[in-house]
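J.:
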Ligand code: PSU
Ligand code: MN
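Residue numbers (the numbering used here): 562 to 871.
Written as structure tokens, this is what we have:
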């Protein structure tokens, strides 16, 4: 499984061989680019505990010592949490080829690494998507393309709240990525359970998602499935508070003249400030919930034979 470009931990490699459930995790949300210290470390601990509690093996992805890593060892976690280099899928070849010391992987890079290792389920906070004003800036996250290219089920609380969610859903349709509402008919908006937009399919049972995913494969579909899991009701934030916090965040981006990968960390920081820090526990709760749902789906998938095994 491992190669000069890819390092798979022993625990993850053993689980792959034994067809035990595995859930890959991204690392950008667990760095200071995603959450302030020490909440980033707490978020990772809660996600790992949720995955193990659900009977699956966690596989944190990152770049370390010029290799893509699937299953960061415990004694390396500090390096990953402190990293400030954000690595999307297009940055992976450069990071590996040039021997980058350490970098945190976004959804697109993490899904790429998970698929390369043969892992079928991945959990994140919120995926990237079509940015507001993208008709001028052209800023559309590669996350959406990566979801359409790699055979991985991604569990997310919808997409990042400050995106153009209607256009994000349109692009997912264009790219042929099935979007499944987890126990909901509505596409969630990260800190709030309902973006006001519908999803075309709802699942209340992880086995159904496993079968949707296997069906896509059987038909030669190259990509994955996006599972949209709303933030738990008890942790949901007031939509009006979030709307004004988003405005504050986007204003700050405009004032600073930011574009590209620099946008998300600044907006997230501004949202935390504008909500008096309330956005942070909400972010932790939704990430933990996604990890738990991902473990359920990974467990269902381990029981659902793939056609390759027929
Ligand atoms: N959503 C969050 N926090 C984050 C991200 C998303 O609430 O840190 C990260 C994820 O790693 C996602 C990335 O893949 O932002 C997308 O960045 P961009 O918009 O630059 O493609
Ligand atoms: Mn972008």
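All C-beta atoms, glycine included, are put in the ideal place defined by N, C-alpha and C.
The model shown is predicted, which means the values in this text are computed figures rather than measured ones.
1) Kindly indicate the opening and closing residues of the beta strand (DSSP E) around residue 583.
2) In whole angstroms, what is the alpha-carbon distance linking residue 863 and residue 808?
3) Quick check on this structure: which residue in 616, 618, 589 has the alpha carbon closest to the alpha carbon of residue 604?
4) In chain order, what are the residue ranges of uninterrupted alpha helix (DSSP H) at least 4 long that sit wholly in the segment 563-621?
5) Using the Cβ count rule (16 or more neighbours within 10 Å means buried), how would you classify residue 647?
6) For residue 579, which residues from the same chain have a beta carbon less than 8 Å from its beta carbon, with the 5 sequence-adjacent residues on both sides left out?
7) So residue 721 and residue 836 are in contact, right, with Cβ under 8 Å, and what is the actual spacing, rounded?
8) Taking 9 Å as the cut-off, decide whether the C-beta atoms of residue 729 and residue 587 are in contact.
9) In whole angstroms, give me the CA-to-CA distance for residue 871 and residue 758.
10) Taking the alpha-carbon of residue 581 as reference, which of 823, 801, 681, 790 has the nearest alpha-carbon?
11) At a cut-off of 8 Å, is residue 825 close to the ligand ATP when judged by its beta-carbon and the heavy atoms of the ligand?
12) What three-state label does DSSP hand residue 866 in the structure shown?
13) Measure the CB-CB distance between residue 622 and residue 609 and report whether it falls below 9 Å.
14) Rounding to the nearest angstrom, what Cα-Cα distance links residue 676 and residue 711 in this structure?
T.: In short:
1) 583-586
2) 43 Å
3) 589
4) 571-578, 600-614
5) Under this definition residue 647 is a buried residue.
6) none
7) Actually they are not in contact, since the Cβ atoms of residue 721 and residue 836 sit about 15 Å apart, beyond 8 Å.
8) no
9) Interpretation of residue 871 is limited by its pLDDT of 47, a score under 50 that renders its predicted location unreliable; no figure is taken from the coordinates.
10) 681
11) Here the bound small molecules are the ligand PSU and the ligand MN; the ligand ATP is not part of this structure.
12) coil
13) no
14) 6 Å
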